[in-house]
């Protein structure tokens, strides 16, 4: 099925482009406000992409989102945006369902991205992965996950019953450390406590920021709804991205 697709673009002068993938039941505009416009501060052009009817056709087998039911080609949508904007480097950041979409993109279009950021989402377990047989990505990957995430548990496993009912997804997922090891170049990380609640674990190509006590939220200036759990203000996701990918407006 084809559908008219839209996005909102910032005009920061840079050859770097950051694609932002929102969570379930959002769109680019809502996600921009949900994050307090944090990604607007990135030294790169930022495209807030709009999913299909509030969702993305990600790589989980057990998904009943409208985008999956209607077989929406979200990877094709991303390629169209990139072809139109002609950036030098492309990075993708996704939250929740958007994080799942970023992981699909990393597998299905491995040469498109220079780096990926996955927030509050973990790799589907093998039996729940739509792209069985796809090569493991080798791109730099930044992962951020709260230990008290009430939707996509840090420890992996099944989604909570209410999340399955509300968001129409299911199936088993890997833990956050297992996901970092999957995207990384080593399964034995070097870990450092940056603050009382923020731990950085280096897996080579991948780095995992564990937010101890954090919820299904994006660390930064804007507090997210309490039902999602605690929002960390001790680190700023945009700053972590800028440093990890060496983003620069001069590019």
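Numbering (our numbering), first residue to last: 315 to 565. For each residue, glycine too, the CB sits at the ideal point set by N, CA and C.
Burial state of residue i, where buried means 16 or more other Cβ atoms lie within 10 Å
i, result
"residue 487", "buried"
"residue 465", "buried"
"residue 476", "exposed"
"residue 388", "buried"
"residue 337", "buried"
"residue 384", "exposed"
"residue 507", "exposed"
"residue 538", "buried"
"residue 400", "exposed"
"residue 527", "exposed"
"residue 546", "buried"
"residue 397", "exposed"
"residue 429", "buried"
"residue 495", "buried"
"residue 447", "exposed"
"residue 449", "exposed"
"residue 493", "buried"
"residue 419", "buried"
Test item: CB-CB of residue i and residue j under 7 Å
i, j, result
"residue 511", "residue 523", "no"
"residue 358", "residue 330", "yes"
"residue 342", "residue 364", "yes"
"residue 407", "residue 334", "yes"
"residue 377", "residue 563", "no"
"residue 529", "residue 544", "yes"
"residue 533", "residue 516", "no"
"residue 558", "residue 426", "no"
"residue 436", "residue 471", "no"
"residue 444", "residue 421", "no"
Identity of the residues DSSP links to residue i by a beta bridge
i, result
"residue 354", "DSSP lists no partner for residue 354."
"residue 345", "Looking at the DSSP assignment, residue 345 forms no beta bridge with any residue, so it has no partner."
"residue 478", "Paired residue(s): none; residue 478 is not in a bridge."
"residue 459", "524"
"residue 406", "333, 430"
"residue 471", "487"
"residue 443", "374"
"residue 507", "513"
"residue 327", "According to DSSP, which records beta bridges pairwise, residue 327 is partnered with nothing at all."
"residue 369", "366"
"residue 361", "323, 333"
"residue 438", "487"
"residue 544", "528"
Assumed close pair residue i, residue j - CB separation to whole angstroms, cut-off 8 Å
i, j, result
"residue 434", "residue 409", "6 Å"
"residue 332", "residue 353", "7 Å"
"residue 432", "residue 413", "4 Å"
"residue 458", "residue 375", "Contact flag wrong, Cβ pair sits at about 25 Å."
"residue 277", "residue 321", "Nothing can be reported for residue 277, as the shown portion of the chain is limited to 315 through 565."
Backbone CA spacing between residue i and residue j [nearest angstrom]
i, j, result
"residue 404", "residue 541", "33 Å"
"residue 535", "residue 318", "33 Å"
"residue 350", "residue 344", "10 Å"
"residue 356", "residue 553", "8 Å"
"residue 484", "residue 371", "14 Å"
"residue 442", "residue 560", "34 Å"
"residue 439", "residue 531", "22 Å"
"residue 473", "residue 482", "10 Å"
"residue 548", "residue 423", "33 Å"
"residue 501", "residue 452", "14 Å"
"residue 505", "residue 339", "34 Å"
"residue 368", "residue 491", "28 Å"
"residue 366", "residue 462", "29 Å"
"residue 468", "residue 324", "32 Å"
"residue 411", "residue 489", "16 Å"
"residue 525", "residue 509", "10 Å"
Residue i: CB within 6 Å of a non-hydrogen atom of the ligand GDP
i, result
"residue 384", "In the structure shown, the ligand GDP is absent, as is every other ligand, since no ligand is present at all."
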